[in-house]
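**Q** In this note's numbering, the protein residues as written are 2 to 393.
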Ligand SMILES: NC(=O)c1ccc[n+]([C@@H]2O[C@H](COP(=O)([O-])OP(=O)(O)OC[C@H]3O[C@@H](n4cnc5c(N)ncnc54)[C@H](O)[C@@H]3O)[C@@H](O)[C@H]2O)c1
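(1) Buried or exposed, going by whether 16 or more other CB atoms sit within 10 Å of the CB of residue 389?
(2) Give the single residue among 384, 224, 363 whose Cα lies nearest to the Cα of residue 132.
(3) What number of angstroms, rounded off, separates the C-alpha of residue 77 from the C-alpha of residue 39?
(4) Closest to residue 241 by C-alpha separation, out of 255, 161, 249, 117, would be which residue?
(5) Where does residue 153 fall in DSSP's three states?
(6) In chain order, what residues of the same chain have a beta carbon less than 6 Å from the beta carbon of residue 54, not counting five sequence neighbours either side?
(7) Measuring CB atoms only, is the stretch 225–234 touching the stretch 137–150, in the sense that at least three cross pairs come out at less than 8 Å?
(8) Applying the 10 Å Cβ sphere with the 16-neighbour rule, what's the burial state of residue 172?
(9) Determine the extent of the alpha helix (DSSP H) in which residue 253 is found, giving its start and end residues.
(10) So, at 6 Å on beta carbons, what are the nonlocal neighbours of residue 220 in its own chain, with the 5 sequence-adjacent residues on each side left out?
(11) What did DSSP end up calling residue 51 once you bin it into helix, strand or coil?
(12) Measure from the alpha carbon of residue 94 to the alpha carbon of each residue in 128, 51, 348, then state which is nearest.
(13) By Cβ distance below 6 Å, which residues in the same chain neighbour residue 184 in space, the five residues on each side in sequence not counted?
(14) Excluding sequence positions up to five away, which residues of its chain have a Cβ less than 6 Å from the Cβ of residue 231?
(15) Measuring CA to CA, which of 393, 349, 321 is closest to residue 169?
(16) Should residue 116 be counted as a contact of ligand 1 given a C-beta to heavy atom distance under 8 Å?
(17) Pick helix, strand or coil for residue 210, following the three-state DSSP scheme.
(18) For the stretch 273–286 and the stretch 296–303, state whether three or more C-beta atom pairs, one from each stretch, are separated by less than 8 Å.
(19) For residue 301, which beta-bridge partners are listed by DSSP?
(20) What are the uninterrupted segments assigned as alpha helix (DSSP H) that are 4 or more residues long and contained completely in the stretch 159–237, given in chain order?
(21) Below 8 Å, is the gap between the Cβ of residue 226 and the nearest heavy atom of ligand 1?
(22) Looking at residue 307 and residue 181, is the spacing between their C-beta atoms short of 9 Å?
(23) For a quick check, are the C-beta atoms of residue 57 and residue 32 less than 9 Å apart?
(24) Identify the residues that DSSP records as bridge partners of residue 147: which are they?
(25) Residues in the same chain with beta-carbon distance under 7 Å from residue 186, minus the five sequence neighbours each way, listed in chain order, please.
(26) Could you check if residue 384 is buried or exposed, using at least 16 other CB atoms within 10 Å of its CB as the buried criterion?
(27) Applying the criterion that 16 or more other CB atoms from any shown protein chain within 10 Å of the CB defines a buried residue, is residue 238 buried or exposed?
(28) Using only alpha-carbon positions, find the residue among 177, 188, 371, 351 that is nearest to residue 296.
(29) Return helix, strand or coil for residue 77, following the three-state DSSP convention.
(30) Quick check on residue 358: does DSSP put it in helix, strand or coil?
(31) Please name the residue in 257, 212, 79 whose C-alpha comes closest to that of residue 370.
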């Protein structure tokens with residue numbers, strides 16, 4: 002039975018502000034000019050209160066070619082790395098977007114914060130929990146804004162999940178099953194930075210797993226993780242016959258593959274909540290299942306979702322009792338006008354300008370990182386481990 006009363010919730014609130022104060026422009030630098038930097042620059046170019054002044058990439062000429070592609074002129078790019086760009090005092094940078102591969106998240110973020118620059122750091126937060134702790138220490142030292150690049154959180158459907166849980170409609174939450182995956186989808190569109198240990202550090206677990214975790218943890222209020230029993234494997238990525246790689250690159254990519262392409266875990270969260278998680282870049286299955294959130298008064302089914310693309314896989318359903326009958330209430334999919342990357346950049350800029358809280362705060366994402374770190378550690382040692390997140 003579909004309950005039409007939920008139609009009234011078919012609205013979205015976090016729209017891009019129309020009344021942007023252009024009297025003060027923020028000076029922006031981009032660190033790492035690869036694939037995801039495209040989304041950042043496209044969104045910055047739509048903002049009327051932004052001046053893009055610099056870009057850096059380790060690969061000589063890459064930053065200059067990147068800005069030329071977008072017809073952005075007058076941008077300084079002659080830097081060997083993030084460090085030289087941040088050291089250039091003439092730039093007077095207000096904000097940087099850090100769009101580097103995972104193993105180069107912590108160092109540039111700490112360096113920028115220690116130089117008084119606001120930071121939008123791409124996801125995953127870092128590779129290890131220790132790195133994330135060091136970044137947060139720098140954030141605290143600096144008093145600047147640090148936001149982590151989880152744009153799906155700004156999707157109206159994702160926000161609906163949180164609204165439903167927070168409304169109490171489901172009662173006390175005690176079990177969550179989440180994750181997602183691809184049958185053949187190891188990301189190698191521009192080379193091997195996602196699959197080599199020296200650049201990525203973690204594979205599917207961090208790349209798309211962090212989104213699944215954020216979807217449900219954000220909904221239930223980011224409870225502290227306590228213990229985890231984790232598993233990870235790499236059967237597909239290391240296979241020289243893996244058909245998801247370009248035919249002429251299979252042997253090379255398989256030999257370079259140094260991360261996970263599948264991970265699973267059983268996690269205990271504070272408040273007596275169990276989190277059952279699995280994620281895949283490649284497997285012999287189309288999906289490892291829908292996300293489900295079970296509570297004492299209702300259960301929420303979120304159809305198998307490509308949450309890394311920012312939304313749910315179809316209408317969600319609440320399973321509950323109404324007047325003694327077991328009913329299902331369908332939640333219509335909300336279509337959004339705004340692009341999630343535009344919202345990600347705008348909400349970050351607003352926080353920098355107004356000195357308000359980061360849209361995706363490190364105080365939450367530290368728990369996401371602690372889980373990724375715990376899964377990796379547990380998978381290494383082959384048994385359950387404790388998760389200890391230090392007070393910072
Ligand atoms: N939010 C999203 O939707 C989304 C999507 C894709 C990727 N990402 C994340 O963005 C990050 C980058 O991914 P990508 O696909 O753009 O990678 P990429 O390999 O295409 O680009 C990264 C670039 O950073 C440069 N770089 C590395 N360290 C540097 C440093 N210290 N200083 C200057 N340049 C440096 C590299 O030379 C490279 O050109 C990853 O962490 C990934 O998880 C986020």
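Positions of the beta carbon are idealized from the N, C-alpha and C atoms, including for glycine.
**A** According to the structure shown:
(1) Reading the chain shown from its first residue, position 388 is the one you call residue 389. Its Cβ having fewer than 16 others within 10 Å, residue 389 is exposed.
(2) Looking up residue 132 in the chain shown gives position 131. Closest by alpha carbon: 363.
(3) To locate residue 77, count along the chain shown from 1; it is residue 76. To locate residue 39, count along the chain shown from 1; it is residue 38. Each residue's alpha carbon lies about 17 Å from the other.
(4) For the purposes of this step, residue 241 is taken as residue 240 along the chain shown, with counting starting at 1. Nearest of 255, 161, 249, 117 to residue 241, Cα basis: 255.
(5) As a first step, residue 153 is located in the chain shown; it is residue number 152 there, counting from the start. Residue state, collapsed to three classes: helix.
(6) Here residue 54 corresponds to residue number 53 of the chain shown, with the count starting at 1. So the qualifying residues of the chain are 28, 92.
(7) no
(8) If you number the chain shown from 1, residue 172 lands on position 171. With fewer than 16 Cβ atoms within 10 Å of its Cβ, residue 172 is classed as exposed.
(9) Taking the first residue of the chain shown as 1, we reach residue 253 at position 252. Per DSSP, residue 253 belongs to the alpha helix (DSSP H) from 251–257.
(10) By 1-based counting over the chain shown, the position of residue 220 is 219. Around residue 220: 162, 163, 166.
(11) In the chain shown, counting from the first residue as 1, residue 51 sits at position 50. Of the three classes helix, strand and coil, the one that applies to residue 51 here is strand, per DSSP.
(12) Counted from its first residue, the chain shown places residue 94 at position 93. Closest by alpha carbon: 51.
(13) Here the question's residue 184 lines up with position 183 in the chain shown. Contacts found: 287.
(14) Reading the chain shown from its first residue, position 230 is the one you call residue 231. So the list reads 266, 376, 379, 380, once near-sequence residues are dropped.
(15) By one-based count along the chain shown, residue 169 stands at place 168. If we check each option's Cα against that of residue 169, 321 comes out closest.
(16) On the chain shown, position 115 is the one that residue 116 refers to. Residue 116: no, Cβ never under 8 Å from ligand 1.
(17) Here the question's residue 210 lines up with position 209 in the chain shown. Helix, per DSSP.
(18) no
(19) The residue you call residue 301 lines up with position 300 of the chain shown. Its beta-bridge partners are 294, 319.
(20) 205–208, 210–220
(21) Counting from one through the chain shown, the residue named residue 226 turns up at place 225. The answer is no for residue 226.
(22) As a working note, residue 181 is residue 180 in the chain shown. As a working note, residue 307 is residue 306 in the chain shown. It is a contact, given that the beta carbons lie within the stated cut-off.
(23) In the chain shown, the residue the question calls residue 57 occupies position 56. In the chain shown, the residue the question calls residue 32 occupies position 31. Result yes, Cβ atoms of residue 57 and residue 32 sit closer than 9 Å.
(24) Counting from 1 along the chain shown, the entry for residue 147 is found at position 146. Per DSSP, 120.
(25) Position 185 of the chain shown, counting from 1, holds the residue named residue 186. Only 245, 282, 283 meet the Cβ criterion.
(26) Position 383 of the chain shown, counting from 1, holds the residue named residue 384. It is exposed - the Cβ of residue 384 has fewer than 16 other Cβ atoms within 10 Å.
(27) What you label residue 238 is simply residue 237 of the chain shown in a count that begins at 1. Answer is buried; the Cβ neighbour count reaches 16.
(28) For the purposes of this step, residue 296 is identified with residue 295 of the chain shown, where counting begins at 1. For residue 296, the nearest C-alpha among the options comes from 177.
(29) The residue you call residue 77 lines up with position 76 of the chain shown. Strand.
(30) Taking the first residue of the chain shown as position 1, residue 358 is located at position 357. Note: residue 358 maps to coil in three-state DSSP.
(31) Sequence index remark: in the chain shown, residue 370 carries index 369 (1-based). When each option's Cα is compared against that of residue 370, the closest is 212.
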